[in-house]
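**Student:** If you're matching positions, the sequence shown starts at 1 in UniProt numbering and goes up one per residue.
A virtual CB, placed ideally from N, CA and C, is assigned to each residue, including glycine.
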Amino acid sequence: MKRALARIAGLALLALMLLAGGMVAWLAGLRAAAPPIPHIATSVEVLDREGRLLRPFALEDGRWRLRTGTGDVDRRYIAMLLAYEDRRFYSHGGVDPLALLRAAGQMLARGRIISGGSTLTMQVARLLEPRGERSLKAKWREIRRALQLESQLSKREILGLYLTLAPFGGNIEGARAASLAYFGKEPRRLSLAEVALLVALPQAPESRRPDRHPARAARGRDGVLARLHGRALFSPAEAEFALRTPVPVRRLALPMRAVHAAERARAERPSAGAHRLAIDGVAQARLEDLARERVRTLGAGMSLAFVMVENATGEVLARVSGADPLDAGRAGAVDLTRAIRSPGSTLKPFIYGLAFEDGIAHPETLIDDRPIRFGAYRPRNFDRDYQGTVPVRQALQLSLNVPAVVLLQAVGPQRLASRLGEAGFALHLPPGEVPGLAVGLGGVGMSLDALAGLYAGIANGGMAHALRERLDGSAMEERLAQRLMSPVAAGYLAQALIGTPAPQNERAGRIAFKTGTSYGYRDAWAVGFDGRRTLAVWVGRPDGQPVPGMIGREAAAPLLFDAFARLVSKPAPLGAAPREALGVRNGELPPPLRHFGRSMGQATASGAPRIAFPPDGASLDHMAGEPLALKVTGGTGRLTVLVDGIPAGVPLPGRAFFWQPVGTGFVRLTVMDAAGAADSVTVRIRAPADSPADARSLISDR
1 MKRALARIAG LALLALMLLA GGMVAWLAGL RAAAPPIPHI ATSVEVLDRE GRLLRPFALE
61 DGRWRLRTGT GDVDRRYIAM LLAYEDRRFY SHGGVDPLAL LRAAGQMLAR GRIISGGSTL
121 TMQVARLLEP RGERSLKAKW REIRRALQLE SQLSKREILG LYLTLAPFGG NIEGARAASL
181 AYFGKEPRRL SLAEVALLVA LPQAPESRRP DRHPARAARG RDGVLARLHG RALFSPAEAE
241 FALRTPVPVR RLALPMRAVH AAERARAERP SAGAHRLAID GVAQARLEDL ARERVRTLGA
301 GMSLAFVMVE NATGEVLARV SGADPLDAGR AGAVDLTRAI RSPGSTLKPF IYGLAFEDGI
361 AHPETLIDDR PIRFGAYRPR NFDRDYQGTV PVRQALQLSL NVPAVVLLQA VGPQRLASRL
421 GEAGFALHLP PGEVPGLAVG LGGVGMSLDA LAGLYAGIAN GGMAHALRER LDGSAMEERL
481 AQRLMSPVAA GYLAQALIGT PAPQNERAGR IAFKTGTSYG YRDAWAVGFD GRRTLAVWVG
541 RPDGQPVPGM IGREAAAPLL FDAFARLVSK PAPLGAAPRE ALGVRNGELP PPLRHFGRSM
601 GQATASGAPR IAFPPDGASL DHMAGEPLAL KVTGGTGRLT VLVDGIPAGV PLPGRAFFWQ
661 PVGTGFVRLT VMDAAGAADS VTVRIRAPAD SPADARSLIS DR
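1) Could you check if His229 is buried or exposed, using at least 16 other CB atoms within 10 Å of its CB as the buried criterion?
2) When the Cα of Ala361 is compared with those of Arg208, Thr670, Val537, Val44, which residue comes out closest?
3) From Glu238, Met256, Glu85, pick the residue whose C-alpha is nearest to that of Leu201; which is it?
4) Kindly indicate which three-state DSSP category Asp358 falls into: helix, strand or coil?
5) What three-state label does DSSP hand Arg541 in the structure shown?
6) Just how far apart, CA to CA, sit Gly332 and Leu254?
7) Along the chain, which unbroken stretches of the beta strand (DSSP E) at least 3 residues long are found entirely within the stretch 368–417?
8) In terms of residue numbering, what span does the alpha helix (DSSP H) encompassing residue 708 cover?
9) Let me check understanding here. Comparing Cα to Cα, which of Ala456, Gly587, Ala555 lies closest to Gly299?
10) What is the DSSP secondary structure of Ala687, counted as helix, strand or coil?
11) Put Ile78 into one of helix, strand or coil per three-state DSSP.
12) Measuring only the C-alpha atoms, how far is Glu173 from Thr164?
13) Beta carbon of Val295, beta carbon of Thr337: below 8 Å?
14) Along the chain, where does the alpha helix (DSSP H) containing Ala490 start, and where does it finish?
15) According to the Cβ coordinates, are Gly344 and Ser518 closer than 8 Å?
16) In this structure, how does DSSP classify Ala526 when only helix, strand and coil are distinguished?
17) Terminal residues of the continuous alpha helix (DSSP H) containing Leu448?
18) Indicate the three-state DSSP secondary structure (helix, strand or coil) for Asp472 in the structure shown.
19) Would you say Pro435 faces chain D, with C-beta separation under 8 Å as the test?
20) Determine the closest residue to Leu197 out of Lys185, Ile372, Ala178, with distance taken between C-alpha atoms.
21) Tell me the residue span of the alpha helix (DSSP H) that contains Glu288.
22) Between the Cα of Ile685 and the Cα atoms of Ile646, Gly170, Thr640, Ser619, which residue gives the shortest distance?
23) Rank Thr119, Val527, Glu357 by C-alpha distance to the C-alpha of Pro461 and give the top, closest one.
24) For Met550, report the span of its beta strand (DSSP E) as first-last.
25) Indicate the three-state DSSP secondary structure (helix, strand or coil) for Arg231 in the structure shown.
26) Put Thr70 into one of helix, strand or coil per three-state DSSP.
27) Below 8 Å, can you find three or more Cβ-Cβ pairs linking the stretch 536–551 to the stretch 518–528?
28) When we look at the beta-carbon of Val681 and count the other beta-carbons within 10 Å, is it buried (16 or more) or exposed?
29) How big is the Cα-Cα spacing for Phe183 and Gly169?
30) Helix, strand or coil for Gly51 per DSSP?
31) Hey, out of Val195, Asp96, Lys137, whose CA is closest to Glu150's CA?
32) Cα separation between Ala456 and Leu484?
33) For Thr633, write down the residues that DSSP places opposite it in a beta bridge.
34) Report the residue from Ile511, Arg470, Pro578, Gly663 whose alpha carbon sits nearest the alpha carbon of Ala278.
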């Protein structure tokens, strides 16, 4: 008897071993034959600088499916999902035998399938390979695929697939899309009522859609809370409050911020699944809200636009083109921040900046605002009146036209255009046309984002960055800052512009700013900056039609000040003035700088001084401690030499002057005579090691 029992036990053990071996072999074969995980198409996402969603794009079939990981959702949502759907998720290998036995018992007891006993892994298998029927054959396929998935993916990855693919009604898939559509927020922080609803919806996504069947959605949510009661996932008080919370009864639009910037980013890299822009989502939202509010006060067909740039980097922090991209009546589909329009008087500061850099003017230099004619061209002020003799600083603050044109004649329209172009912001002129004096009053094309970049260059000490739209670009795509003007000139401009009279009911001295109005009242502009950011505003009709009476000071400047007030409680202070800047009154200036004369800056005039050495554009090798020579011919009376706009001394009787560079780089040398005539050259100072090994001369044409 004992031998028989032992023999039976041995045979049973052998059978179990064979069965186990067979199962191992079957599982090994099953996993070896596992097909690759299919590509999961998800909505393209455009993100802000902090990774916040600005705008997703629907899939080609219209579904919203945002990639979602376990770190993207509330931890309590994960805990309640597993407690409700798959309590042994982390301990089983894809199939839960206890859940299958429970489901089989329910089917035998009631004669129909009550629950499928599916694990989350099995549900993911079904979502990856949808089936059209509920049958034992289909269930077997799910089991096979679930076992394969467990061999290919981690538990975290499987859970991420469920969070991305689970249906939530209509064209909404995944927990992130559902949270945005039903609650208007990312699912990182959810209330208990919101968590329970998200757990319940995938069980019956169409019949429980809260926007169509709110009562059924509420019952499904309440059922989740009842089933999980006592699991230490929430307190009775929380549950009671959640049960009284109404479910959302309408679907919300998914985020649609920075529409034109998002579309441009996607068009640039159509294969990318995500785009990281430099935009600050919070600032973008506030400016878009302001645009929507204020556009209602404008006339029919009018619109507005904003561009905000970080001074130190050129990164575009906000870009708002119009109040509503879907408003055809205001050309909402057009990106007005890039449209080429007449900039009005907004280019005047760059004329003054070159004059400061050349040393032919100082903020306290007196200049005449009186009727003047340049051939057939006769500039007049906006109010057709004249102020007489005023400081250059005041001429800029009051945006007087005659002083700006006189200074532009001195520095040269082509030089102004070249300097702006070298900084990366070229002027737009008709084909074959060269810059003339009308450039200073807006007779040229410029975009809003280019103006923002130029003014950011003033705020950045004269160094302008190319506008940077993306943060996911390579280092090769970044361009070094270009010199727009000298630090001294930029400092003079910033201090002058912060003294510009503020619009009505606004406090002066908060930001440095300039306004402009294009010819025929077609465009109103305002550009301002503090120590950290520059904001440019445009108001007008996208079709270019005139708007009688619309001027920058009244239409655009109040928007500029309102925008700054919404963005920051206190504007960042401007940078300190360079040590070389002359903080003096007019009477303390060198005589040639006290009053800008008619011949000021015209070196070609008869008897005017001329710099004979070094020539304009020369490169000079300089040994530390050794002076460089400057030779001057012509001129009337006492001469004054300026280095980058700073008086450096008086030439010797033989018209020679020796000066000591402070370092390498580009330097502007200017000589002025007692009559106010002047000549200037720009030279490059470099150390001998910077020059070619076979150089024999100290001077080479650039």
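**Tutor:** Here's the rundown:
1) Taking all protein chains shown into account, His229 has fewer than 16 neighbouring C-beta atoms within 10 Å of its C-beta and is therefore exposed.
2) Ranking the options by Cα distance to Ala361, first place goes to Thr670.
3) Glu85
4) helix
5) coil
6) 19 Å
7) 388–391
8) This structure cannot settle anything about residue 708, because the visible part of the chain is limited to 1 through 702.
9) Ala555
10) coil
11) helix
12) 7 Å
13) No, the pair does not count as a contact, with Cβ atoms beyond the cut-off.
14) 487–497
15) Closer than 8 Å, so yes.
16) Correct three-state label for Ala526: strand.
17) 448–459
18) coil
19) Here there is only one protein chain, and chain D is not present.
20) Ala178
21) 281–295
22) Ser619
23) Note on residue identity: the sequence assigns Gly, not Pro, to residue 461. Of the listed residues, the one whose Cα sits closest to Gly461 is Glu357.
24) It is not in any beta strand (DSSP E) - Met550 carries neither H nor E in the DSSP assignment.
25) Correct three-state label for Arg231: coil.
26) helix
27) Judged by pairs of C-beta atoms under 8 Å, the stretch 536–551 touches the stretch 518–528, as three or more such pairs exist.
28) buried
29) 14 Å
30) coil
31) Asp96
32) 10 Å
33) Arg610
34) Arg470
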